[in-house]
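*Asks:* Sharing a structure below in C-alpha coordinates format, with a few things to ask.
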Amino acid sequence: MTLTLEDIAAHPALHRCVRAQAQAMNQIYATNPRLSSVFATQQRWLMAHIGLALHFRREPDDYRKELTMARFIDAIRQNSVASRNTADAFVKEMLHYNFIELLPSTQDGRIRPLQPVAASLEVVTGWVLAHLQTLDSLDGANRLATFLARPDGLARLQPLVADGLLSSNPVREPKRTFSLFTWLNNGGVVMDWLISGVDPDNAGLSQIPTGVLSIGDFANWLKLSRTHLTRKLRAAEELGSIGWLGQRGNSVMWVSSDFYQEYMAAQAVKLAIIDAAFSDAFPKSD
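Under the numbering used here, the first residue of the sequence shown is numbered 526, with each subsequent residue one higher.
In C-alpha coordinates form, the structure reads like this:
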(Lines of atoms letter the chains of each structure in order from A and count residues from 1; the text may use other names and numbers.)
(Lines give C-alpha, C1' and ligand atoms only; values in the text may rest on other atoms or scores of the structure.)
Protein backbone atom coordinates (compact mmCIF):
# COMPACT_ATOMS: atom_id res chain seq x y z
CA MET A 1 0.00 0.00 0.00
CA THR A 2 1.25 3.46 -0.91
CA LEU A 3 2.06 5.75 2.00
CA THR A 4 0.14 9.01 1.82
CA LEU A 5 1.54 12.38 2.81
CA GLU A 6 -0.51 12.19 6.00
CA ASP A 7 0.82 8.70 6.78
CA ILE A 8 4.41 9.83 6.37
CA ALA A 9 4.09 13.15 8.21
CA ALA A 10 2.47 11.49 11.23
CA HIS A 11 4.75 8.44 11.39
CA PRO A 12 6.56 8.21 14.74
CA ALA A 13 9.75 6.96 13.07
CA LEU A 14 9.90 9.76 10.49
CA HIS A 15 12.50 11.88 12.29
CA ARG A 16 14.97 9.04 12.74
CA CYS A 17 14.44 7.73 9.21
CA VAL A 18 14.89 11.17 7.65
CA ARG A 19 18.01 11.75 9.71
CA ALA A 20 19.46 8.51 8.29
CA GLN A 21 18.42 9.69 4.82
CA ALA A 22 20.23 13.01 5.34
CA GLN A 23 23.35 11.11 6.41
CA ALA A 24 23.11 8.97 3.26
CA MET A 25 22.83 12.11 1.14
CA ASN A 26 25.94 13.52 2.84
CA GLN A 27 27.85 10.37 1.87
CA ILE A 28 26.73 10.70 -1.74
CA TYR A 29 27.85 14.34 -1.75
CA ALA A 30 31.25 13.48 -0.26
CA THR A 31 31.83 10.88 -3.00
CA ASN A 32 31.35 13.39 -5.83
CA PRO A 33 30.74 16.96 -4.58
CA ARG A 34 30.69 18.66 -7.97
CA LEU A 35 28.21 16.23 -9.49
CA SER A 36 26.06 16.09 -6.35
CA SER A 37 25.83 19.89 -6.34
CA VAL A 38 23.72 19.64 -9.51
CA PHE A 39 20.89 18.49 -7.24
CA ALA A 40 21.63 20.88 -4.39
CA THR A 41 19.63 23.95 -5.43
CA GLN A 42 15.93 23.99 -6.18
CA GLN A 43 16.20 25.26 -9.76
CA ARG A 44 19.05 22.97 -10.82
CA TRP A 45 17.40 20.00 -9.10
CA LEU A 46 14.22 20.49 -11.13
CA MET A 47 16.13 21.11 -14.36
CA ALA A 48 18.09 17.90 -13.84
CA HIS A 49 14.89 15.93 -13.25
CA ILE A 50 13.35 17.36 -16.42
CA GLY A 51 16.42 16.43 -18.45
CA LEU A 52 16.51 12.92 -17.03
CA ALA A 53 12.81 12.39 -17.72
CA LEU A 54 13.31 13.46 -21.34
CA HIS A 55 16.24 11.05 -21.59
CA PHE A 56 14.32 8.09 -20.23
CA ARG A 57 11.25 8.86 -22.35
CA ARG A 58 13.21 9.30 -25.55
CA GLU A 59 12.54 7.25 -28.65
CA PRO A 60 15.91 6.56 -30.33
CA ASP A 61 14.23 5.64 -33.59
CA ASP A 62 12.54 9.04 -33.76
CA TYR A 63 15.04 11.91 -33.68
CA ARG A 64 12.20 14.31 -32.90
CA LYS A 65 11.81 12.62 -29.49
CA GLU A 66 15.47 12.47 -28.52
CA LEU A 67 16.88 14.55 -25.66
CA THR A 68 18.28 17.63 -27.40
CA MET A 69 19.15 21.13 -26.28
CA ALA A 70 16.02 22.49 -27.98
CA ARG A 71 13.67 19.95 -26.37
CA PHE A 72 15.26 20.49 -22.96
CA ILE A 73 14.92 24.27 -23.14
CA ASP A 74 11.30 23.98 -24.31
CA ALA A 75 10.48 21.67 -21.38
CA ILE A 76 12.17 24.00 -18.89
CA ARG A 77 10.16 26.97 -20.16
CA GLN A 78 6.88 25.03 -20.35
CA ASN A 79 7.29 24.09 -16.70
CA SER A 80 8.34 27.65 -15.72
CA VAL A 81 11.50 26.41 -14.01
CA ALA A 82 14.05 28.78 -15.56
CA SER A 83 14.70 31.15 -18.44
CA ARG A 84 16.02 30.03 -21.81
CA ASN A 85 19.45 31.48 -21.02
CA THR A 86 19.63 29.72 -17.66
CA ALA A 87 18.63 26.39 -19.21
CA ASP A 88 21.16 26.84 -22.01
CA ALA A 89 23.93 27.65 -19.52
CA PHE A 90 22.98 24.62 -17.41
CA VAL A 91 23.37 22.24 -20.35
CA LYS A 92 26.70 23.78 -21.33
CA GLU A 93 27.96 23.42 -17.76
CA MET A 94 26.88 19.77 -17.69
CA LEU A 95 28.76 19.19 -20.95
CA HIS A 96 31.83 21.03 -19.67
CA TYR A 97 32.11 18.79 -16.60
CA ASN A 98 31.27 15.64 -18.60
CA PHE A 99 28.07 14.98 -16.65
CA ILE A 100 26.29 14.61 -20.00
CA GLU A 101 27.64 13.86 -23.44
CA LEU A 102 26.78 14.50 -27.07
CA LEU A 103 25.79 11.54 -29.22
CA PRO A 104 26.41 11.19 -32.97
CA SER A 105 24.13 13.15 -35.26
CA THR A 106 20.67 11.78 -35.90
CA GLN A 107 18.82 11.62 -39.21
CA ASP A 108 18.89 15.39 -39.10
CA GLY A 109 22.62 16.11 -39.20
CA ARG A 110 22.11 19.47 -37.48
CA ILE A 111 20.86 17.82 -34.27
CA ARG A 112 23.15 16.23 -31.67
CA PRO A 113 21.25 14.29 -29.00
CA LEU A 114 22.39 14.44 -25.38
CA GLN A 115 22.56 11.74 -22.73
CA PRO A 116 23.76 11.53 -19.10
CA VAL A 117 27.00 9.64 -18.52
CA ALA A 118 27.13 6.57 -16.28
CA ALA A 119 28.58 8.49 -13.31
CA SER A 120 25.63 10.90 -13.38
CA LEU A 121 23.12 8.07 -13.38
CA GLU A 122 24.95 6.49 -10.42
CA VAL A 123 24.40 9.65 -8.36
CA VAL A 124 20.72 9.76 -9.33
CA THR A 125 20.39 6.08 -8.44
CA GLY A 126 21.95 6.78 -5.05
CA TRP A 127 19.39 9.55 -4.47
CA VAL A 128 16.56 7.13 -5.33
CA LEU A 129 17.96 4.36 -3.13
CA ALA A 130 18.24 6.69 -0.12
CA HIS A 131 14.58 7.68 -0.41
CA LEU A 132 13.31 4.15 -1.06
CA GLN A 133 15.23 3.01 2.04
CA THR A 134 13.44 5.70 4.05
CA LEU A 135 10.04 4.56 2.79
CA ASP A 136 10.86 0.91 3.52
CA SER A 137 12.00 1.87 7.01
CA LEU A 138 8.63 3.50 7.65
CA ASP A 139 6.42 0.55 6.68
CA GLY A 140 8.67 -2.50 6.35
CA ALA A 141 7.98 -2.91 2.62
CA ASN A 142 10.50 -4.03 -0.02
CA ARG A 143 10.64 -1.15 -2.50
CA LEU A 144 14.44 -1.11 -2.46
CA ALA A 145 14.72 -4.79 -3.37
CA THR A 146 12.08 -4.43 -6.07
CA PHE A 147 13.92 -1.48 -7.60
CA LEU A 148 17.31 -3.18 -7.49
CA ALA A 149 15.90 -6.31 -9.13
CA ARG A 150 14.87 -4.33 -12.21
CA PRO A 151 17.64 -3.29 -14.64
CA ASP A 152 15.22 -0.70 -16.01
CA GLY A 153 14.23 0.49 -12.53
CA LEU A 154 15.57 4.03 -12.84
CA ALA A 155 14.12 4.48 -16.33
CA ARG A 156 10.69 3.38 -15.08
CA LEU A 157 10.65 5.39 -11.86
CA GLN A 158 12.47 8.69 -12.44
CA PRO A 159 10.16 10.23 -15.07
CA LEU A 160 7.16 9.64 -12.81
CA VAL A 161 9.01 11.19 -9.88
CA ALA A 162 9.83 14.21 -12.06
CA ASP A 163 6.15 14.56 -13.01
CA GLY A 164 5.18 14.51 -9.34
CA LEU A 165 7.79 17.05 -8.28
CA LEU A 166 6.92 19.47 -11.07
CA SER A 167 3.19 19.32 -10.32
CA SER A 168 3.57 19.83 -6.56
CA ASN A 169 2.95 23.33 -5.20
CA PRO A 170 4.77 22.60 -1.91
CA VAL A 171 7.84 21.51 -3.92
CA ARG A 172 7.67 24.45 -6.31
CA GLU A 173 6.94 27.02 -3.57
CA PRO A 174 8.79 25.97 -0.40
CA LYS A 175 8.31 27.79 2.89
CA ARG A 176 10.45 30.68 4.03
CA THR A 177 13.63 29.18 5.53
CA PHE A 178 13.58 26.14 3.29
CA SER A 179 13.20 28.51 0.33
CA LEU A 180 16.16 30.58 1.54
CA PHE A 181 18.44 27.54 1.44
CA THR A 182 17.08 26.02 -1.77
CA TRP A 183 18.42 29.02 -3.70
CA LEU A 184 21.85 28.85 -2.04
CA ASN A 185 24.65 27.08 -3.90
CA ASN A 186 24.69 23.61 -2.32
CA GLY A 187 21.75 24.70 -0.17
CA GLY A 188 20.24 21.24 -0.16
CA VAL A 189 23.53 19.88 1.17
CA VAL A 190 23.58 22.58 3.86
CA MET A 191 20.16 21.50 5.10
CA ASP A 192 20.99 17.78 4.96
CA TRP A 193 24.17 18.37 6.94
CA LEU A 194 22.33 20.39 9.59
CA ILE A 195 19.60 17.78 10.01
CA SER A 196 22.02 14.84 9.95
CA GLY A 197 23.52 16.19 13.17
CA VAL A 198 20.21 16.58 15.00
CA ASP A 199 19.25 14.08 17.69
CA PRO A 200 15.56 13.28 17.01
CA ASP A 201 15.02 13.14 20.77
CA ASN A 202 15.60 16.91 20.76
CA ALA A 203 12.96 17.57 18.09
CA GLY A 204 10.60 19.07 20.66
CA LEU A 205 13.03 21.82 21.70
CA SER A 206 12.56 25.38 20.45
CA GLN A 207 16.30 25.54 19.64
CA ILE A 208 17.53 22.15 18.41
CA PRO A 209 21.32 21.57 18.56
CA THR A 210 23.07 20.39 15.39
CA GLY A 211 26.51 18.89 14.82
CA VAL A 212 27.93 22.13 13.36
CA LEU A 213 30.62 23.70 15.55
CA SER A 214 32.51 25.93 13.11
CA ILE A 215 31.40 27.91 10.05
CA GLY A 216 34.89 27.57 8.60
CA ASP A 217 34.88 23.77 8.84
CA PHE A 218 31.29 23.71 7.56
CA ALA A 219 32.20 25.87 4.54
CA ASN A 220 35.26 23.76 3.74
CA TRP A 221 33.24 20.54 3.75
CA LEU A 222 30.60 22.14 1.52
CA LYS A 223 33.18 23.53 -0.91
CA LEU A 224 31.63 26.98 -0.39
CA SER A 225 33.30 30.27 0.41
CA ARG A 226 32.99 31.11 4.10
CA THR A 227 31.78 34.59 3.16
CA HIS A 228 28.98 33.25 0.97
CA LEU A 229 27.87 30.70 3.56
CA THR A 230 28.03 33.24 6.40
CA ARG A 231 25.83 35.65 4.44
CA LYS A 232 23.13 33.02 3.96
CA LEU A 233 23.37 31.86 7.55
CA ARG A 234 22.97 35.47 8.71
CA ALA A 235 19.79 35.72 6.64
CA ALA A 236 18.50 32.53 8.27
CA GLU A 237 19.52 33.88 11.66
CA GLU A 238 17.54 37.06 11.06
CA LEU A 239 14.49 34.87 10.43
CA GLY A 240 15.09 33.19 13.77
CA SER A 241 15.71 29.87 12.00
CA ILE A 242 19.27 29.24 13.21
CA GLY A 243 21.59 30.51 15.92
CA TRP A 244 24.50 29.51 18.14
CA LEU A 245 24.51 28.31 21.72
CA GLY A 246 27.61 30.41 22.36
CA GLN A 247 29.85 32.63 20.20
CA ARG A 248 28.49 33.09 16.68
CA GLY A 249 30.28 30.84 14.22
CA ASN A 250 32.39 29.11 16.87
CA SER A 251 29.96 27.15 19.00
CA VAL A 252 27.19 24.62 18.51
CA MET A 253 24.69 25.81 15.88
CA TRP A 254 21.01 25.25 16.53
CA VAL A 255 18.04 25.18 14.19
CA SER A 256 14.65 26.43 15.22
CA SER A 257 11.71 24.14 15.75
CA ASP A 258 9.93 25.90 12.87
CA PHE A 259 12.81 25.30 10.44
CA TYR A 260 13.14 21.69 11.55
CA GLN A 261 9.43 21.13 10.98
CA GLU A 262 9.68 22.84 7.55
CA TYR A 263 12.43 20.41 6.59
CA MET A 264 10.47 17.41 7.82
CA ALA A 265 7.31 18.57 6.03
CA ALA A 266 9.27 19.02 2.78
CA GLN A 267 10.73 15.52 3.11
CA ALA A 268 7.27 14.07 3.73
CA VAL A 269 5.96 15.72 0.56
CA LYS A 270 8.89 14.42 -1.49
CA LEU A 271 8.63 10.91 -0.04
CA ALA A 272 4.90 10.76 -0.79
CA ILE A 273 5.59 11.80 -4.39
CA ILE A 274 8.29 9.15 -4.76
CA ASP A 275 6.07 6.45 -3.24
CA ALA A 276 3.14 7.30 -5.53
CA ALA A 277 5.53 7.18 -8.52
CA PHE A 278 6.90 3.86 -7.30
CA SER A 279 3.41 2.34 -7.12
CA ASP A 280 2.76 3.39 -10.70
CA ALA A 281 6.16 2.26 -11.95
CA PHE A 282 6.05 -1.14 -10.28
CA PRO A 283 2.43 -2.31 -9.98
CA LYS A 284 1.93 -5.47 -7.92
CA SER A 285 0.79 -7.43 -10.94
CA ASP A 286 3.91 -6.52 -12.93
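All residues carry an ideal CB built from backbone N, CA and C; glycine is no exception.
Can you tell me whether Tyr788 is buried or exposed, with buried defined as 16 or more other CB within 10 angstroms of its CB?
*Replies:* Numbered from its first residue, the sequence shown carries residue 788 at position 263. Buried, by the Cβ-count rule.
*Asks:* Report yes if the C-beta distance between His574 and Leu639 is below 9 angstroms; otherwise report no.
*Replies:* Taking the first residue of the sequence shown as position 1, residue 574 is located at position 49. Taking the first residue of the sequence shown as position 1, residue 639 is located at position 114. Not closer than 9 angstroms, so no.
*Asks:* Per DSSP, what kind of secondary structure is Gly722 in: helix, strand or coil?
*Replies:* Residue 722 sits at position 197 when you count from the first residue of the sequence shown. Here Gly722 sits in coil by DSSP.
*Asks:* How big is the Cα-Cα spacing for Val653 and Gly774?
*Replies:* Indexing the sequence shown from 1 puts residue 653 at position 128. Indexing the sequence shown from 1 puts residue 774 at position 249. When rounded, the distance between both Cα atoms is 34 angstroms.
*Asks:* Name the DSSP beta bridge partners of Met778, please?
*Replies:* Counting from 1 along the sequence shown, the entry for residue 778 is found at position 253. Met778 pairs with Trp769.
*Asks:* Does the structure place the stretch 546-554 close enough to the stretch 683-694 that three or more beta carbon pairs sit under 8 angstroms?
*Replies:* Verdict: no, contact absent.
*Asks:* By Cβ distance below 7 angstroms, which residues in the same chain neighbour Leu571 in space, the five residues on each side in sequence not counted?
*Replies:* Numbered from its first residue, the sequence shown carries residue 571 at position 46. Around Leu571: Val606, Leu690, Leu691.
*Asks:* With contact counted as at least three CB pairs below 8 angstroms, one residue from each stretch, are the stretch 790-805 and the stretch 735-746 in contact?
*Replies:* They do not touch, by the three-pair rule.
*Asks:* Does the beta-carbon of Lys617 have 16 or more other beta-carbons within 10 angstroms, so that it is buried, or is it exposed?
*Replies:* Position 92 of the sequence shown, counted from the start, is the residue given in the question as residue 617. Lys617 is exposed by the Cβ-count criterion.
*Asks:* Work out the CA separation of Pro629 and Ile720 for me, nearest whole Å.
*Replies:* Along the sequence shown, read from residue 1 onward, the residue named residue 720 stands at position 195. Along the sequence shown, read from residue 1 onward, the residue named residue 629 stands at position 104. Whole-angstrom Cα-Cα distance: 44 angstroms.
*Asks:* Contact check, Ser608 vs Asn711 under 8 angstroms by CB: the rounded distance?
*Replies:* If you number the sequence shown from 1, residue 608 lands on position 83. If you number the sequence shown from 1, residue 711 lands on position 186. The Cβ separation is near 22 angstroms, so there is no contact.
*Asks:* Rank Gly729, Leu669, Leu679, Val715 by C-alpha distance to the C-alpha of Ser645 and give the top, closest one.
*Replies:* By one-based count along the sequence shown, residue 645 stands at place 120. If we check each option's Cα against that of Ser645, Leu679 comes out closest.
*Asks:* Check Leu628 in the structure and name its three-state DSSP category.
*Replies:* In the sequence shown, residue 628 corresponds to position 103, counting from 1. Residue state, collapsed to three classes: coil.
*Asks:* With a CB to CB cut of under 7 angstroms and the five nearest residues on each side skipped, what residues in its chain are close to Thr671?
*Replies:* Walking along the sequence shown from the start, residue 671 turns up at place 146. Excluding sequence neighbours, Thr671 sits near Phe807.
*Asks:* Report the partner residues of Ile733 according to the DSSP bridge assignment.
*Replies:* Reading the sequence shown from its first residue, position 208 is the one you call residue 733. Looking at the DSSP assignment, Ile733 forms a beta bridge with Val780.
*Asks:* From Leu685 to Asp717, what does the alpha carbon distance come to, in whole angstroms?
*Replies:* The residue given as residue 685 occupies position 160 in the sequence shown. The residue given as residue 717 occupies position 192 in the sequence shown. Approximately 24 angstroms between the Cα atoms of the pair.
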